Amino acid sequence: MTKSLIYSLIFHSMMILLTVLTLPFMIRQPIDLPPIVSVELIQISDKTNIPFAPKARKIIKETKEKEERVVSEQAPPAAKAKEKPDRIPLPDEKKEKKQIVKKKQNPEEIEPQIRQSSEFEKKEIIDTNQIAALIDKAKEEEAVKKNKTDKLTQSSVKNSFATGLTLSEEDALRAQIFGCWSVPLGLPYDEDLLVRIKLKLKKDGTIMKSEILDHQRMNRPGQKFYKVLAESALRAVRLCQPLKVPPTGYDKWKDIQLNFNPAEMLKG
Amino acid sequence: MKRFFLAIAIYFLSYNPLYALIEVDITRGNLDPLPIAVSPLHVDIKSVEHEGIKVKELGNNISSIIEKNFKNTGLFNPLKKEAFVQKPDIAHLKPRFEDWRLIKAQALVTGKLLVKDGKLKVEFRLWDLTAAKEMTALAFTTTPSNWRRVAHIISDKIYERLTGEEGYFDTRIIYVSESGPKSERIKKLAIMDQDGANTKYLTLGNELVLTPRFNPTNQMITYLSYFRNMPRVYLLDIETGMQEVVGNFPGMTFAPRFSPDGKKIIMSFAEDGNSDIYTMDLETRLVERITNHSSIDTSPSFSPDGKYIAFNSDRSGLQQLYVMRSDGSNVKRITFGKGIYGTPVWSPRGDLIAFTKMRKGRFYIGVMRTDGSGERLLTENYYQEAPSWSPNGRVLVFYRETKAGSKGEGFTATLWSIDITGYNERKLSTKTDASDPSWSSLLSK
Amino acid sequence: MILNTNLKNIFLVVFTTLILSACSTAKKSGLDGDVYTGKETVKYLASGVPDRVFFATNKSSLTTASRATLRKQATYLRKNKKLNVTIEGHADERGTREYNLALGERRANAAKDYLMTYGISGKRISTISYGKEKPVNPGSSALAWSQNRRAVTVKVN
Chain A
283 MTKSLIYSLI
293 FHSMMILLTV
303 LTLPFMIRQP
313 IDLPPIVSVE
323 LIQISDKTNI
333 PFAPKARKII
343 KETKEKEERV
353 VSEQAPPAAK
363 AKEKPDRIPL
373 PDEKKEKKQI
383 VKKKQNPEEI
393 EPQIRQSSEF
403 EKKEIIDTNQ
413 IAALIDKAKE
423 EEAVKKNKTD
433 KLTQSSVKNS
443 FATGLTLSEE
453 DALRAQIFGC
463 WSVPLGLPYD
473 EDLLVRIKLK
483 LKKDGTIMKS
493 EILDHQRMNR
503 PGQKFYKVLA
513 ESALRAVRLC
523 QPLKVPPTGY
533 DKWKDIQLNF
543 NPAEMLKG
Chain B
17 MKRFFLAIAI
27 YFLSYNPLYA
37 LIEVDITRGN
47 LDPLPIAVSP
57 LHVDIKSVEH
67 EGIKVKELGN
77 NISSIIEKNF
87 KNTGLFNPLK
97 KEAFVQKPDI
107 AHLKPRFEDW
117 RLIKAQALVT
127 GKLLVKDGKL
137 KVEFRLWDLT
147 AAKEMTALAF
157 TTTPSNWRRV
167 AHIISDKIYE
177 RLTGEEGYFD
187 TRIIYVSESG
197 PKSERIKKLA
207 IMDQDGANTK
217 YLTLGNELVL
227 TPRFNPTNQM
237 ITYLSYFRNM
247 PRVYLLDIET
257 GMQEVVGNFP
267 GMTFAPRFSP
277 DGKKIIMSFA
287 EDGNSDIYTM
297 DLETRLVERI
307 TNHSSIDTSP
317 SFSPDGKYIA
327 FNSDRSGLQQ
337 LYVMRSDGSN
347 VKRITFGKGI
357 YGTPVWSPRG
367 DLIAFTKMRK
377 GRFYIGVMRT
387 DGSGERLLTE
397 NYYQEAPSWS
407 PNGRVLVFYR
417 ETKAGSKGEG
427 FTATLWSIDI
437 TGYNERKLST
447 KTDASDPSWS
457 SLLSK
Chain C
48 MILNTNLKNI
58 FLVVFTTLIL
68 SACSTAKKSG
78 LDGDVYTGKE
88 TVKYLASGVP
98 DRVFFATNKS
108 SLTTASRATL
118 RKQATYLRKN
128 KKLNVTIEGH
138 ADERGTREYN
148 LALGERRANA
158 AKDYLMTYGI
168 SGKRISTISY
178 GKEKPVNPGS
188 SALAWSQNRR
198 AVTVKVN
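Here it is, written out as structure tokens:
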């Protein structure tokens, strides 16, 4: 029995060896190739950054300032919005038409580098809502200084009793912001992203000043996701204003910090 | 004891309610796609007619492509144009932010184009409407026939600015176009834009072709052809139509894929019925044997750094996933779950492996970490397999087949895509039945 | 020794019952467990020489019936010395395409090796795998799949 098995094995392996050796010769005919339909790949030439014509910028600045004058700071946004369509278009449009012409006249006045740089690095345009204070040097320092105390507050003063908002007041505020915050769904679900925004509020709940506590991180390379999250958080507070704040105790809540953490949602 | 009281006193002093900073944790938001308005691009009146292109409609057409791209991501909600409040040319210069906010848009895309002297000039701007700021802007010059690609490139730039990751719109998908009855399928290599436009066929359908895959550099594809009834891996330059057999193997080579640098092809070679993994260097023509095992080793895929190879093998008795170093050493089994696993594909980000899983007669597409942990099944179906990553590692495209009747009736093969979150499953539109999709990397970087 | 005979007896009983139960299923669907045993799709190289053998899911081992078929093919090939054949290996549609190509190759080679042990020169036998690409039965049923898991011997000249 074992003998025959061994014979069989030897025989088998010899056969296999033989096939291995002979097979290549069987197939080594010249291989011509199946017909192929070719497709052209197109190249895009000249990719440039659009120059933002300096004049246009000036005009925009002017209109901005004008808008500010027209719309009183205290006016709630709803009213502001209603006012707009009727009032502004005429002068606005005239200006803008002028602007088109001007822009075409001097295409040489171009500063290509400016374009690529992030909005937050630019000291342009006075923001209507006065929340552009993102990159302000002074604030940066302040933020660094505050960092320590922030950590303390986070750990020790979490309950609303100590913070000066009642639970229901805090819930109302939270619910309001939940509704305004479009969570950027493309964020990686497993990265630790937390954006802390400090707000200075007016009595009516509109925002006087907003500041991202770790905003240096936004322009660091490899922190694109953080930047996207920070921008979405800023959009949320802007969309939400005036914030639903209690009618009294302004001193307690004039400074408020919002911690945006999407981790829970993205894991969903 | 005194110190203790002092500490408490200090505590209360420093956290006097008057000075305490109120903190509110925001852990929820709305998961609706971001409302975005894509204004039609303004067509400069100095534009002249160009052969084969409706210049006047170009602005609308480009913005429609951008809108469609955004809608397909599931991350954005392009708003209806009827609600738009400003003319394209004026909006492009300076939008009236309040007005756009009224229609609940949070971002706005504006642009203009000029067709002149046989060239197409396009520029666009992306505006953050709540911050009343321009977020990004760019201009392109190209030949007018490239207008679709311009739309995709604009989509990519905006996507990148709004999500923080690279886009995937200026890409193509190569796949196998199928027609005819199930038992006599005619299969051709086909290529199309990511959105299904510009379908072109690369082979005539005379021989069976399977599993085309893109080179990360986009010029080449590798695929399996049964030309002259000899199944071999081929290399094809899409641009020139040049092609060649990869290596001189005395038997079937199959399951090809490029290395991340595009310089090698990794594939299986079947010798006396046993399939092992080999690589061939496309420059030196050097063939290297990577695995040597009496089991079926196939569907190899390199990690993006080129240091590791994932593959499936039935050395344990059933098809499972393994990872090894690129020289074939240190083979580790990574799947131990119930079921059979196949077609591991390393994500371009490097952190995940996509795979096909078969269990109890159902097929799943899933992702797991590269050590096999954290398995997440994204979609379940009667039959589906062969995931391929979008270049940014966010979306998978794969193919699905339906159950056929006793004579093969009702059989279809279609391409589908799904986000790695498991949301946003979509059927890709192809002109014919389709299988074996492979996603290119971005055509322009 | 007595233990040994006892074991043998038990084995025999189990074996016969297995065969009997297999017969009863075979009557119903033409399946021996997972392996097709019917004649529906079978063609013949010559009278009494079936051209194909069938396999169990994910397997490439030859069943007793397959061996008998292949022995008939070997006899036929010995008689027709100038005849060369290609063995086409196939898989059912319930696997990934690439694995199925490998599996078809393995099946074709299992048949080839068996023919070679019966004295047929390897030079006369080539193999090719079609994986799941060429189903003989286009249906999506257990029966169709069993008919598609096959190695078919095809005359070349």
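Chains as they are written, first to last, in my numbering: chain A, 283 to 550; chain B, 17 to 461; chain C, 48 to 204.
Using N, Cα and C, we set each Cβ at its ideal position, and we do this for glycine too.
As the structure is a prediction and not an experimental result, all values here were calculated from the model.
(request) Check the Cβ-Cβ distances between leucine 419/B and every residue of chain C, and say whether any is below 8 Å. (result) According to the sequence shown, residue 419/B is lysine rather than leucine. Under the Cβ criterion of 8 Å, lysine 419/B is counted among the residues facing chain C.
(request) Compare the C-beta of threonine 122/C with all C-beta atoms of chain A and state if any pair is closer than 8 Å. (result) Between threonine 122/C and chain A, the shortest Cβ-Cβ separation is not below 8 Å.
(request) Indicate whether the contact test is met: 3 or more Cβ pairs, each with one atom in the region 156–167 of chain B and one in the region 424–438 of chain B, closer than 8 Å. (result) no
(message) Looking only at its chain, what residues have a beta carbon closer than 6 Å to the beta carbon of glycine 438/B, apart from the 5 residues adjacent to it on each side?
(response) Leu394
(request) Could you have a look at valine 465/A and say whether DSSP puts it in helix, strand or coil? (result) coil
(request) Report all residues from its chain with a CB closer than 6 Å to the CB of valine 54/B; omit the five preceding and five following residues, and keep chain order. (result) Within the same chain, valine 54/B has close Cβ partners Ser79, Ile82, Glu83, Pro94 and Val125.
(request) Could you work out which residues of chain B lie near lysine 181/C, taking near to mean beta carbons separated by less than 9 Å? (result) Ser199, Glu200, Arg201 and Leu224
(message) Could you check whether serine 113/C and arginine 153/C sit closer than 8 Å to each other, using their CB atoms as the reference points?
(response) no
(request) Taking only the alpha-carbon atoms, compute the straight-line gap between phenylalanine 377/B and tyrosine 398/B and give it to the nearest angstrom. (result) It should be noted that the sequence gives glycine, not phenylalanine, for residue 377/B. For glycine 377/B and tyrosine 398/B, the distance between alpha carbons rounds to 7 Å.
(request) Using a cut-off of 8 Å between C-beta atoms, extract the partners of glutamate 150/B located in chain C. (result) The contacting residues do not exist; glutamate 150/B stays about 48 Å from chain C at best.
(message) So if I threshold CB-CB distances at 8 Å, which residues from the region 272–298 of chain B count as touching chain C?
(response) Ser284, Ala286, Asp288, Gly289, Asn290 and Ser291
(message) At the level of alpha carbons, what is the spacing between glycine 68/B and asparagine 214/B?
(response) The alpha-carbon atoms of glycine 68/B and asparagine 214/B are separated by roughly 15 Å.
(message) DSSP three-state label for histidine 168/B, please.
(response) helix
(request) Count the other C-beta atoms from every protein chain shown that fall within 10 angstroms of the C-beta of proline 407/B, then say buried if there are 16 or more, exposed otherwise. (result) Under this definition proline 407/B is a buried residue.
(message) Under 8 Å, CB to CB, which of the residues in the region 35–52 of chain B have a partner in chain A?
(response) Ala36, Leu37, Ile38, Glu39, Val40, Asp41, Ile42, Thr43, Arg44, Gly45, Asn46, Leu47, Asp48, Pro49, Leu50 and Pro51
(message) Can you find the residues in the same chain that come closer than 7 Å, C-beta to C-beta, to glutamate 424/A, ignoring five residues on each side of it along the sequence?
(response) Reliability fails at glutamate 424/A, whose pLDDT of 43 lies under 50, so the model's placement of it is uncertain and no value is given.
(request) Would you give the residue range spanned by the beta strand (DSSP E) that glutamine 259/B belongs to? (result) Counting along the chain, glutamine 259/B sits inside the beta strand (DSSP E) bounded by residues 259–261.
(message) Among the candidates Pro104/B, Leu218/B and Gln335/B, whose CA atom is the shortest distance from the CA of arginine 141/B?
(response) For arginine 141/B, the closest C-alpha among the options Pro104/B, Leu218/B and Gln335/B is that of Pro104/B.
(message) Considering just the uninterrupted stretch of the alpha helix (DSSP H) at isoleucine 81/B, what are its terminal residues?
(response) 71–89
(message) Give me, in chain order, the residues of the same chain whose beta-carbon lies closer than 8 Å to that of proline 232/B; leave out the 5 immediate sequence neighbours on both sides.
(response) Phe274, Pro276, Asp277, Gly278 and Ser457
(request) Keeping to the same chain, check which residues put their C-beta closer than 8 Å to that of methionine 547/A; ignore five residues upstream and five downstream. (result) Val465
(message) Under 8 Å, Cβ to Cβ, is there at least one residue of chain C near serine 422/B?
(response) For serine 422/B, the closest Cβ of chain C is nearer than 8 Å.
(request) Note the first and the last residue of the continuous beta strand (DSSP E) segment covering serine 193/C. (result) Where serine 193/C is concerned, there is no enclosing beta strand (DSSP E), although the alpha helix (DSSP H) it sits in stretches over 189–195.
(request) Check the Cβ of alanine 155/C against every Cβ in chain B and list those closer than 8 Å, keeping chain order. (result) What alanine 155/C touches in chain B, judged by beta-carbon distance under 8 Å, is Gly289, going in chain order.
(message) Taking DSSP's pairing of strands, which residues face threonine 359/B in a bridge?
(response) Threonine 359/B is not bridged to any residue.
(message) Quick check: the Cα distance between glutamate 255/B and glutamine 235/B, rounded to an integer number of angstroms?
(response) 7 Å
(request) Report, in whole angstroms, the separation of the C-beta atoms of tyrosine 415/B and glutamate 396/B, which I expect to be a contact under 8 Å. (result) Rounded to whole angstroms, the Cβ separation of tyrosine 415/B and glutamate 396/B is 15 Å, and the two are not in contact under 8 Å.
(request) Output the boundary residues of the alpha helix (DSSP H) element that contains methionine 163/C. (result) 144–164
(request) Sort Val203/C, Lys170/C, Trp192/C and Thr164/C by Cα distance to serine 290/A and report the nearest one. (result) Thr164/C
(request) Return no unless some Cβ of chain C is closer than 8 Å to the Cβ of glycine 382/B. (result) So, not an interface residue.
(message) I'd like the list of long-range same chain contacts for aspartate 533/A, defined as Cβ closer than 8 Å, with 5 residues on each side in sequence excluded.
(response) For aspartate 533/A, where only same-chain residues beyond five positions count, there are no Cβ hits under 8 Å.
(request) State whether the region 136–149 of chain C contacts the region 162–181 of chain C, with contact taken as three or more CB pairs (one from each stretch) at a distance under 8 Å. (result) yes
(request) Kindly indicate which three-state DSSP category proline 247/B falls into: helix, strand or coil? (result) coil
(request) Within its chain, find whatever has a CB closer than 6 Å to the CB of glycine 390/B; leave out the 5 residues flanking it on each side and keep chain order. (result) Same-chain partners within the cutoff: Met384.
(request) Show which residues of chain F have a CB atom less than 8 Å away from the CB atom of serine 290/A. (result) This model lacks chain F altogether, as its protein chains are A, B and C.
(request) Ignore the nearest five residues each way along the sequence and tell me which others in lysine 159/C's own chain have a CB closer than 8 Å to its CB. (result) Ile134, Gly169, Ile172 and Thr174
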